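**Student:** With the sequence shown counted from 1, adding 511 to any position gets you this note's numbering. Note that beta-carbon positions come from the ideal geometry of N, C-alpha and C, so glycine has one too. Here the structure is a predicted model, which means the values were calculated and not measured.
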Amino acid sequence: MSGKPEDIRVGVFVCHCGLNIAGVVNVKEVVEYAKTLPNVVFAIDNRYTCSDPGQEEIRKAIKEHRLNRVVVAACSPRMHEPTFRRCVAEAGLNPYLFEMANIREHCSWCHPSTPKEATEKAKEIVKMAVAKARLLRPLEPIEVPVTSDALVVGGGVAGINAALELAEMGFKVYLVEKNESIGGHMAQLDKTFPTLDCSICILGPKMVDVARHPNIEIISFADLLSVEGYVGNFKVRIRKNPRYVLEDKCTGCGECLPVCPIEYPNDWDMNLGVRKAISVPFPQAVPLIYRINRDYCIECYKCVDACGPRQAINFDQKPEEIELRVGAIVVATGYDIYLPEDGNLYGYGKYSNVITSLEFERLILAAGPTGGHIIRASDGKTPKTVVFIQCVGSRDVNKYPYCSNFCCMYTLKHTIQLKEHYGNDVEVYVFYMDMRSNFKGYEEFYQRAREMGVNFIRGRVSKVIEDPETKNLIIHAEDTLLGEPIELEAEMVVLATAAIPNKSAEEIARILNITRGTDGFFMESHPKLKPLDTPVDGIFLAGACQGPKDIPYSVAQGCGAASRAATILSKPSVKIEPIISVVDPEKCRNTKVKCGICATKCPYGAIKAEPGMPAQVISAMCHGCGTCVAECPA
512 MSGKPEDIRV GVFVCHCGLN IAGVVNVKEV VEYAKTLPNV VFAIDNRYTC
562 SDPGQEEIRK AIKEHRLNRV VVAACSPRMH EPTFRRCVAE AGLNPYLFEM
612 ANIREHCSWC HPSTPKEATE KAKEIVKMAV AKARLLRPLE PIEVPVTSDA
662 LVVGGGVAGI NAALELAEMG FKVYLVEKNE SIGGHMAQLD KTFPTLDCSI
712 CILGPKMVDV ARHPNIEIIS FADLLSVEGY VGNFKVRIRK NPRYVLEDKC
762 TGCGECLPVC PIEYPNDWDM NLGVRKAISV PFPQAVPLIY RINRDYCIEC
812 YKCVDACGPR QAINFDQKPE EIELRVGAIV VATGYDIYLP EDGNLYGYGK
862 YSNVITSLEF ERLILAAGPT GGHIIRASDG KTPKTVVFIQ CVGSRDVNKY
912 PYCSNFCCMY TLKHTIQLKE HYGNDVEVYV FYMDMRSNFK GYEEFYQRAR
962 EMGVNFIRGR VSKVIEDPET KNLIIHAEDT LLGEPIELEA EMVVLATAAI
1012 PNKSAEEIAR ILNITRGTDG FFMESHPKLK PLDTPVDGIF LAGACQGPKD
1062 IPYSVAQGCG AASRAATILS KPSVKIEPII SVVDPEKCRN TKVKCGICAT
1112 KCPYGAIKAE PGMPAQVISA MCHGCGTCVA ECPA
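1. So, using beta-carbon positions, are H724 and A788 closer together than 8 Å?
2. In the DSSP assignment, the alpha helix (DSSP H) including K787 goes from what residue to what residue?
3. Buried or exposed: C1139, going by 16 or more other Cβ atoms within 10 Å of its Cβ?
4. Would you identify the three-state DSSP class for K539, choosing helix, strand or coil?
5. Rounded to the nearest angstrom, what separates T922 and E931 at their Cα positions?
6. Just to confirm before moving on: does the CB-CB distance between N1024 and T844 stay below 8 Å?
7. Could you tell me whether the Cβ atoms of E540 and T630 are closer together than 8 Å?
8. How is E688 classed by DSSP in three states: helix, strand or coil?
9. If I measure Cβ to Cβ from S1162 and keep anything under 6 Å in the same chain, skipping five residues before and after, which residues do I get?
10. Based on Cα-Cα distance, which residue from I773, P516, A877, S889 lies nearest to P794?
11. I'd like the list of long-range same chain contacts for P1125, defined as Cβ closer than 7 Å, with 5 residues on each side in sequence excluded.
12. Kindly indicate which three-state DSSP category C526 falls into: helix, strand or coil?
13. Counting only runs of 3+ residues fully inside the segment 660 to 739, write out the beta strand (DSSP E) ranges in chain order.
14. Provide the residue(s) that pair with A1126 in DSSP beta bridges, ordered along the chain.
15. Quick one: measure Cβ to Cβ for V837 and C1056, integer angstroms, because I've assumed they're closer than 8 Å.
16. Assign T1138 to one of three DSSP states: helix, strand, or coil.
17. Express the C-alpha separation of I671 and K717 in angstroms, rounding to a whole number.
18. Quick check: what's the CA-CA separation for C618 versus D945?
19. Indicate the three-state DSSP secondary structure (helix, strand or coil) for M512 in the structure shown.
20. Which whole-angstrom value is the C-beta distance of Y775 and Y807, which I expect to be below 8 Å?
21. Beta-carbon within less than 8 Å of E954's beta-carbon, same chain only, minus the 5 sequence neighbours each way: which residues are those?
22. Roughly how many angstroms lie between the CA atoms of A1145 and F917, to the nearest whole one?
23. Roughly how many angstroms separate the alpha carbons of G883 and I1019, rounded to a whole number?
24. For the pair the segment 988 to 997 and the segment 963 to 979, tell me if three or more CB-CB distances fall below 8 Å.
25. Please determine, among G1054, S1084, D1061, P1083, the residue with the shortest C-alpha to C-alpha distance to C1070.
26. Give me the DSSP bridge partner(s) of M1003.
27. Are there 16 or more other CB atoms within 10 angstroms of the CB of A453, so buried, or fewer, so exposed?
28. Would you please state the rounded distance, in angstroms, between the beta carbons of I693 and G666? I believe it to be under 8 Å.
29. Going by DSSP, what residues sit across from M611 in a beta bridge?
30. Taking only three categories from DSSP, how would you classify R1027?
31. If you compare alpha carbons, which of N983, Y933, A839 is closest to G858?
32. For a quick check, are the C-beta atoms of V521 and L578 less than 8 Å apart?
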């Protein structure tokens, strides 16, 4: 090396973004200002810099003006930084000699009423970007090997489809499920809308396919303990909880079931039915391995005698920890149902004849606790008048402000099922805010319910009061279409309660270092361009863990997440961003006193700070966010 200082030549390209930027910022003025900045040898504006002509202009300018630094003043780097990096690389420039100035989200969009001030701010943003560009140095991506196995967390319909898709591509898949069986909420349903197909008839064969696929290993009744590592190389620790029934010996014959004397409420039936202390949650469970609930078991050992020579029962079974190495992770942990158990919301938990939609689902299911008969808890009779109340907890600023997406449709399903079962013997009312039937076949399904005689009343229910003698329910509401209050007596009330984040979402987010939105669901990298990706490379989302969605949408996301994971697993190695933090061991305080602030603050878990040792950055995990730089006291 000659030691001769580099002749820095910066090119600045200012984008109009149609009128998104140019409608507020004086783009021409910003370009002229950029020309006055140190080392800027070329500056120009373009209506759409990200378009093919816009990118061609950048490539042409790099060659004609011998540019060795490029600044694009346009939208967020989250949108098009990869696009422009590829562009400059095609012109022969190192992609890390490119800098982006965000004058749309950070300027024009937030100052639409003050164009003069916005223009001045845009100049300052460009000035900062040019100053940074002058200090950039060429970098090369870090290449790391890839483990070709995959982990799917959650065995609902989205997780099942993700696992099957990956397995069919030839990858080994570990499917981890916290419950005793895969299937998720779909396995609890009687029928699916809008076709009214038998839910388990659709899902059951898929569950069996998962169990029999040579590339899939189901790890059920298990918890995710920790995930370390980075894209292509994740180390996963899982705890298998004891069933007290040995999986390799249990044949699922069920001979232990009739001899067990203990029954307890079955949470699979929303506690409307019972199950034995040794049992499976439902007959089609996969894997069909029985479990002993030690909280209720009296250890009479009748099940041991019934099992006989198989010797599948072991009361001394302990939790087992498993360590896996995987290259990509699909998160499909699903959702939970809001239960207003305080009794303050329409009397649920207080009045026995107020139930949730999922409880109604278990009642109308032929294999459910009542054999498919809708009966009142108070007297065991079939109700003559049933009222459905929509948006219970959802679209409520005091509870969950978002729409739960599928409540309208499953209520329509329930009303149609009621009419099919009982005809004109039952009067059905639906109190709604808005009926949202916006996918294929949904509007026709809505019309079908109306034609069958279901009464729809637009209005929010104010309160539900129980008649202490008859146990009937008095509904007070307002019909917003007629503009008058309404009072209605019903024998049963069904609440369409909100779909809420899975109760394990917070813990899963902590383990995986992925983010959650204000609604508590996992947040995608970009709602339009990366709807299945998380901010952590190699971890993808599928199904209702990202937000409430119906079965077709969940299946599509499961397949999509599998495809995204396959883009990593199919390669022998992956390239990782080289923009990473570097520790100066001579200045690191952790060598003398207990510090480790950088390690605790790193959102990606990319820093290890052992006592008495300088902090170490795991290059493949670091995202170059700079949080540690800001927090370091040295």
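**Tutor:** Based on what the coordinates show:
1. Taking the sequence shown and counting its residues from 1, one reaches residue 724 at position 213. Taking the sequence shown and counting its residues from 1, one reaches residue 788 at position 277. No, they are not a contact pair.
2. For the purposes of this step, residue 787 is identified with residue 276 of the sequence shown, where counting begins at 1. Judged by DSSP secondary structure, K787 falls outside any alpha helix (DSSP H) and instead within the beta strand (DSSP E) spanning 784 to 787.
3. Residue mapping note: residue 1139 aligns to position 628 of the sequence shown, counting from 1. Residue burial annotation: C1139 is buried, with at least 16 other C-beta atoms found within 10 angstroms of its C-beta.
4. For the purposes of this step, residue 539 is identified with residue 28 of the sequence shown, where counting begins at 1. Correct three-state label for K539: helix.
5. Taking the first residue of the sequence shown as 1, we reach residue 922 at position 411. Taking the first residue of the sequence shown as 1, we reach residue 931 at position 420. Annotation: T922 to E931 spans about 14 Å, alpha carbon to alpha carbon.
6. Sequence index remark: in the sequence shown, residue 1024 carries index 513 (1-based). Sequence index remark: in the sequence shown, residue 844 carries index 333 (1-based). The Cβ atoms of N1024 and T844 lie no closer than 8 Å to each other.
7. The residue you call residue 540 lines up with position 29 of the sequence shown. The residue you call residue 630 lines up with position 119 of the sequence shown. Cβ atoms of E540 and T630: closer than 8 Å.
8. Along the sequence shown, read from residue 1 onward, the residue named residue 688 stands at position 177. Three-state result, E688: coil.
9. Outside the displayed span of the chain (512 to 1145) sits residue 1162, for which this structure offers no information.
10. In the sequence shown, residue 794 corresponds to position 283, counting from 1. Nearest C-alpha to P794: A877.
11. As a first step, residue 1125 must be located in the sequence shown, where it is residue number 614. If you ignore the 5 residues before and after P1125, its C-beta comes within less than 7 Å of the C-beta of V1094, P1096, C1099, N1101, T1102, all in its own chain and listed in chain order.
12. For the purposes of this step, residue 526 is taken as the residue at position 15 of the sequence shown. Three-state result, C526: strand.
13. You should have 661 to 664, 684 to 687, 727 to 730.
14. Taking the first residue of the sequence shown as position 1, residue 1126 is located at position 615. A1126 pairs with nothing; no bridge assigned.
15. By one-based count along the sequence shown, residue 837 stands at place 326. By one-based count along the sequence shown, residue 1056 stands at place 545. Between V837 and C1056, the beta carbon gap of about 18 Å keeps them out of contact (Cβ cut-off 8 Å).
16. Taking the sequence shown and counting its residues from 1, one reaches residue 1138 at position 627. Reduced to three states, the DSSP call for T1138 is helix.
17. For the purposes of this step, residue 717 is taken as residue 206 along the sequence shown, with counting starting at 1. For the purposes of this step, residue 671 is taken as residue 160 along the sequence shown, with counting starting at 1. So the two alpha carbons sit approximately 7 Å from each other.
18. Taking the sequence shown and counting its residues from 1, the one referred to as residue 618 is at position 107. Taking the sequence shown and counting its residues from 1, the one referred to as residue 945 is at position 434. Going by the C-alpha atoms only, they are around 37 Å apart.
19. Position 1 of the sequence shown, counted from the start, is the residue given in the question as residue 512. Bear in mind that the predicted position of M512 carries a pLDDT of just 43, short of 50, making it too unreliable to give a figure here.
20. Position 264 of the sequence shown, counted from the start, is the residue given in the question as residue 775. Position 296 of the sequence shown, counted from the start, is the residue given in the question as residue 807. A Cβ-Cβ separation of about 5 Å places Y775 in contact with Y807 under the 8 Å criterion.
21. As a working note, residue 954 is residue 443 in the sequence shown. For E954, where only same-chain residues beyond five positions count, the Cβ hits under 8 Å are S948.
22. Mapped onto the sequence shown, residue 1145 falls at position 634. Mapped onto the sequence shown, residue 917 falls at position 406. Distance between the alpha carbons of A1145 and F917 is about 53 Å.
23. Walking along the sequence shown from the start, residue 883 turns up at place 372. Walking along the sequence shown from the start, residue 1019 turns up at place 508. Distance between the alpha carbons of G883 and I1019 is about 36 Å.
24. They touch, by the three-pair rule.
25. Locating residue 1070 in the sequence shown gives position 559, where the first residue counts as 1. Comparing Cα-Cα distances from C1070 to each of G1054, S1084, D1061, P1083, the minimum goes to G1054.
26. By 1-based counting over the sequence shown, the position of residue 1003 is 492. Looking at the DSSP assignment, M1003 forms a beta bridge with V897.
27. The structure shown does not extend to residue 453, since the chain is modelled only from 512 to 1145, so the question has no answer here.
28. Along the sequence shown, read from residue 1 onward, the residue named residue 693 stands at position 182. Along the sequence shown, read from residue 1 onward, the residue named residue 666 stands at position 155. That pair is a contact at about 3 Å.
29. Position 100 of the sequence shown holds residue 611. Answer is V583.
30. Within the sequence shown, numbered from 1, the residue matching residue 1027 stands at position 516. In the three-state DSSP reduction, R1027 falls in the strand class (E or B).
31. Numbered from its first residue, the sequence shown carries residue 858 at position 347. The shortest Cα separation from G858 among N983, Y933, A839 belongs to N983.
32. Residue mapping note: residue 521 aligns to position 10 of the sequence shown, counting from 1. Residue mapping note: residue 578 aligns to position 67 of the sequence shown, counting from 1. Yes.
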